[in-house]
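Those protein sequences? They're chains A and B, same order as listed. Following the numbering used here, the numbering of the first sequence begins with 58 at its first residue and continues without gaps. Following the numbering used here, the numbering of the second sequence begins with 66 at its first residue and continues without gaps.
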Amino acid sequence: NAGVMQNPRHLVRRRGQEARLRCSPMKGHSHVYWYRQLPEEGLKFMVYLQKENIIDESGMPKERFSAEFPKEGPSILRIQQVVRGDSAAYFCASSPLDYNEQFFGPGTRLTVL
Amino acid sequence: DAKTTQPTSMDCAEGRAANLPCNHSTISGNEYVYWYRQIHSQGPQYIIHGLKNNETNEMASLIITEDRKSSTLILPHATLRDTAVYYCIVRPLGGATNKLIFGTGTLLAVQP
Chain A
58 NAGVMQNPRH LVRRRGQEAR LRCSPMKGHS HVYWYRQLPE EGLKFMVYLQ
108 KENIIDESGM PKERFSAEFP KEGPSILRIQ QVVRGDSAAY FCASSPLDYN
158 EQFFGPGTRL TVL
Chain B
66 DAKTTQPTSM DCAEGRAANL PCNHSTISGN EYVYWYRQIH SQGPQYIIHG
116 LKNNETNEMA SLIITEDRKS STLILPHATL RDTAVYYCIV RPLGGATNKL
166 IFGTGTLLAV QP
């Protein structure tokens, strides 16, 4: 059973470009979470999604960031018009049900030049 | 904000038990204690969780005090690969969200 998959593992963007980060949850998991880890800082929750629904987006910046988890395909975290402060590691996690332990992917490291 | 307090760092000799403490004095009756760890640059890894009874799995043991205000994660025979940041998280059962709130954790350095 493959674990949580994230791609790309490394992404380089110039200021003003768009970044798309993909997350494929573990088989049978219908809950996806995105977390961000800024350099030398802790992990911060961003958003919690179930299939086709955003359940909690309290950690998402108000502008430029969006997330989706369509009925088919991976979850996407989209960052429009990236700025240098968006440089971070973005981790996705999945769980089969509410309040089960979350399994994390290897992360996508975004560098904004 | 995180509802737990952990030491910033700890050392442990390889092959010895590593005991990582966590204070959660404001824990509510419906909140579980979860432990995760993050090995450098990797995604966090679930270790164990418990409500009020002591728990053990293939990775570690979790000892929760009777008043539930503190707990200790025990790695019985630490190896160099256990060097990581260990996070203690309290998490409610039920409610509107399922997010994990990470604090600063404890950097465990296992020494050869």
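Built from N, CA and C at the ideal position, the CB exists for glycine as well.
Short check: CB of residue i to CB of residue j, under 8 Å?
{"i": "I112 (chain A)", "j": "A124 (chain A)", "result": "no"}
{"i": "P109 (chain B)", "j": "L145 (chain B)", "result": "no"}
{"i": "G80 (chain B)", "j": "A143 (chain B)", "result": "yes"}
{"i": "P163 (chain A)", "j": "R66 (chain A)", "result": "yes"}
{"i": "I128 (chain B)", "j": "I139 (chain B)", "result": "yes"}
{"i": "I166 (chain B)", "j": "F102 (chain A)", "result": "yes"}
{"i": "C80 (chain A)", "j": "P131 (chain A)", "result": "yes"}
{"i": "K164 (chain B)", "j": "Y147 (chain A)", "result": "no"}
{"i": "Q107 (chain A)", "j": "H88 (chain A)", "result": "yes"}
{"i": "S74 (chain B)", "j": "T137 (chain B)", "result": "no"}
{"i": "R141 (chain A)", "j": "R72 (chain A)", "result": "yes"}
Under the assumption that residue i contacts residue j (Cβ atoms under 8 Å), give the Cβ distance between them as a whole number of angstroms.
{"i": "V61 (chain A)", "j": "A150 (chain A)", "result": "7 Å"}
{"i": "T169 (chain B)", "j": "G99 (chain A)", "result": "6 Å"}
Under 8 Å, Cβ to Cβ, is there at least one residue of chain A near residue i?
{"i": "T137 (chain B)", "result": "no"}
{"i": "G168 (chain B)", "result": "yes"}
{"i": "H142 (chain B)", "result": "no"}
{"i": "G108 (chain B)", "result": "yes"}
{"i": "K164 (chain B)", "result": "yes"}
{"i": "H105 (chain B)", "result": "no"}
{"i": "H114 (chain B)", "result": "yes"}
{"i": "Y111 (chain B)", "result": "yes"}
Using a Cβ-Cβ distance under 8 Å, would residue i count as near chain B?
{"i": "H88 (chain A)", "result": "yes"}
{"i": "L100 (chain A)", "result": "yes"}
{"i": "Y105 (chain A)", "result": "yes"}
{"i": "G85 (chain A)", "result": "no"}
{"i": "S97 (chain A)", "result": "Residue identity check: residue 97 (chain A) is Glu in the sequence provided, not Ser. So, not an interface residue."}
{"i": "F161 (chain A)", "result": "yes"}
{"i": "F148 (chain A)", "result": "yes"}
{"i": "E158 (chain A)", "result": "yes"}
{"i": "D143 (chain A)", "result": "no"}
How would you label residue i, buried or exposed, when you count the other beta carbons within 10 angstroms and need 16 or more for buried?
{"i": "G94 (chain B)", "result": "exposed"}
{"i": "Q159 (chain A)", "result": "buried"}
{"i": "T130 (chain B)", "result": "exposed"}
{"i": "A83 (chain B)", "result": "buried"}
{"i": "I104 (chain B)", "result": "exposed"}
{"i": "Q76 (chain A)", "result": "Note that residue 76 (chain A) is Ala in the sequence shown here, rather than Gln. Label assigned to A76 (chain A): buried."}
{"i": "P141 (chain B)", "result": "exposed"}
Would DSSP call residue i helix, strand or coil?
{"i": "L95 (chain A)", "result": "coil"}
{"i": "L145 (chain B)", "result": "helix"}
{"i": "R66 (chain A)", "result": "coil"}
{"i": "D76 (chain B)", "result": "strand"}
{"i": "D143 (chain A)", "result": "helix"}
{"i": "L172 (chain B)", "result": "strand"}
{"i": "K84 (chain A)", "result": "coil"}
{"i": "E158 (chain A)", "result": "coil"}
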